[in-house]
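*Asks:* The sequence shown lines up with residues 7 to 213 when you count with our numbering.
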Amino acid sequence: MAQIDWIFFDIGGVLGTNGWDTAERQRAVAKFKIDGEEFRLRHIEGVGPWEEGKIGIDDYLDLTVFYCPRDFTREEFKSFMFDESQPFEDSLAVAREICALDRYTMMTLNNEAAELNTYRIAKFGLDPIFEAFMSSCWLGSRKPMKKIYTDALSIAQAVPARTLFIDDRERNLVPARELGINTILFENAAKLRQDLDGILGLHTKGA
7 MAQIDWIFFD
17 IGGVLGTNGW
27 DTAERQRAVA
37 KFKIDGEEFR
47 LRHIEGVGPW
57 EEGKIGIDDY
67 LDLTVFYCPR
77 DFTREEFKSF
87 MFDESQPFED
97 SLAVAREICA
107 LDRYTMMTLN
117 NEAAELNTYR
127 IAKFGLDPIF
137 EAFMSSCWLG
147 SRKPMKKIYT
157 DALSIAQAVP
167 ARTLFIDDRE
177 RNLVPARELG
187 INTILFENAA
197 KLRQDLDGIL
207 GLHTKGA
């Protein structure tokens, strides 16, 4: 069992649905009847700057959706985007139980645009659980680039060997492990409880 003092959670895919990933965008294409391939190409151009905090949501939408007249409004499209975010209550229960132990510094480490990130922190009730939010929109870099991990470690003054990072994508865990961070590949809340018990040597309530 590792000596862990810092725990970083991904948000999308771990604590709730993804904010604006492939499935969410495909549903938007179907609902609003926009050109899916054109939207995909324009999204590729805009998502990096948006998630790194270099542009805002309106700039992103100007590039990807409202570059031509539409029969729906910007606010209708934004409302759809926000409504796609839904919490994973079983995963949140695990995070709350770990927080209640008052043994670990808990933070998030996620790729997210500022507007969606702020909305999801409130909707998922994350503020009482986590001490800080190491998000791409505020750090200016995205997973799996190593800079976001090294910046998060520096800001938290976290020691890699005593840090645990939980993410649902293996490619995001690889650079963390290369930096000496302990990792868990998230599959579901039940498996997360087992993995946490194995690493932290504790039994959460649902175990």
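For every residue, glycine included, the Cβ atom is placed at its ideal position computed from N, Cα and C.
Are the CB atoms of Lys153 and Asn178 within a distance shorter than 8 Å?
*Replies:* It is not a contact, given that the beta carbons lie outside the stated cut-off.
*Asks:* Is it buried or exposed for Thr114, if we count other Cβ within 10 angstroms and need 16 for buried?
*Replies:* With 16 or more other Cβ atoms within 10 Å, it is buried.
*Asks:* Would Gly59 and Ala120 be called neighbours here (beta carbons separated by less than 8 Å)?
*Replies:* Result yes, Cβ atoms of Gly59 and Ala120 sit closer than 8 Å.
*Asks:* Using CA coordinates, which residue listed in Asn117, Gly22, Leu208 and Glu82 is at the minimum distance from Gly146?
*Replies:* The residue with the shortest Cα to Cα distance from Gly146 is Asn117.
*Asks:* Between Ile61 and Glu51, what straight-line distance do the alpha-carbon atoms span, to the nearest angstrom?
*Replies:* Taking the straight line from one Cα to the other gives about 12 Å.
*Asks:* CB Phe4 to CB Phe78, shorter than 8 Å?
*Replies:* In the structure displayed, the chain extends from 7 to 213; residue 4 sits before or after that span and is not available.
*Asks:* As a quick exercise: from Glu184, Arg126, Tyr73 and Ile104, pick the residue whose alpha carbon is nearest that of Thr200.
*Replies:* The question names Thr, yet the displayed sequence has Gln at residue 200. It is Ile104.
*Asks:* Answer with buried or exposed for Glu57, where buried requires no fewer than 16 other C-beta atoms within 10 angstroms of its C-beta.
*Replies:* Buried is the call here.
*Asks:* What is the DSSP secondary structure of Gly52, counted as helix, strand or coil?
*Replies:* Three-state result, Gly52: helix.
*Asks:* Going by CA-CA distance only, name the one from Thr111, Arg33, Arg126 and Tyr155 that's closest to Leu21.
*Replies:* Closest option to Leu21, Cα to Cα, is Arg126.
*Asks:* What's the call for Tyr73, buried or exposed, on a 16-neighbour Cβ count within 10 Å?
*Replies:* By the neighbour-count rule (16 or more Cβ atoms within 10 Å), Tyr73 is not buried but exposed.
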